[in-house]
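Colleague: One structure follows; several queries about it will come next.
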Amino acid sequence: MELQEIQLKEAKHIAEEADRKYEEVARKLVIIEGDLERTEERVELAESHCREMDEQIRLVDQNLKCLSAAEEKYSQKEDKYEEETKILTDKLKEAETRAEFAERSVAKLEKTADDLEDKLKRTKEEHLCTQRMLHQTA
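Residue numbering for the sequence shown is 0 to 137, as defined by numbering that gives the first Met the number 0.
Structure representation (structure tokens):
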């Protein structure tokens, strides 16, 4: 009977130990299930964030393509305007050169006209003197 009592005590002790381990495992399971729920929520949030980021990347990519096309267009316009500016600059230089030449020509013609007017005046005076001398001798 003593052996049975010892075995009963051991069996109770083993059962209590098993209950304690079961409760510990059940408690850990509740904690792990809570952790799992929180982790699943974080995964859902992260996946949602990934979808949002994918959409933002898609929009940024579209904007980049539009900006690249616009840059190409404006680069071509810039090249065209630079060429037009060069042509107009060359035309301006040519016009300035022609204007300088014309101004020099005008100055020469004005001097020639002044010289001719002076010569005409002297010739008229000489002619008058000659006529007076002819009238006096006649």
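Positions of the beta carbon are idealized from the N, C-alpha and C atoms, including for glycine.
DSSP three-state call for M132: helix, strand or coil?
Modeller: Translated into positions along the sequence shown, residue 132 becomes position 133. Note: M132 maps to helix in three-state DSSP.
Colleague: Mapping the DSSP letters down to three states, classify M52 as helix, strand or coil.
Modeller: The residue labelled residue 52 in the question sits at position 53 within the sequence shown. It is helical.
Colleague: Look at the alpha carbon of D18 and the alpha carbon of L7, and state the distance between them as a whole number of angstroms.
Modeller: Within the sequence shown, the letter at position 19 stands for residue 18. Within the sequence shown, the letter at position 8 stands for residue 7. When rounded, the distance between both Cα atoms is 16 Å.
Colleague: Any chance you could list the alpha helix (DSSP H) runs of at least 4 consecutive residues sitting entirely within the region 18-54, in chain order?
Modeller: Taking only runs of at least 4 residues, no alpha helix (DSSP H) segment lies wholly in the region 18-54.
Colleague: Between F100 and D113, what straight-line distance do the alpha-carbon atoms span, to the nearest angstrom?
Modeller: Walking along the sequence shown from the start, residue 100 turns up at place 101. Walking along the sequence shown from the start, residue 113 turns up at place 114. Near 20 Å, if we compare the C-alpha coordinates of D113 and F100.
Colleague: Alpha carbon to alpha carbon, how far is R103 from T136?
Modeller: Here residue 103 refers to the residue found at position 104 when the sequence shown is read from its first residue. Here residue 136 refers to the residue found at position 137 when the sequence shown is read from its first residue. Their Cα atoms are separated by approximately 49 Å.
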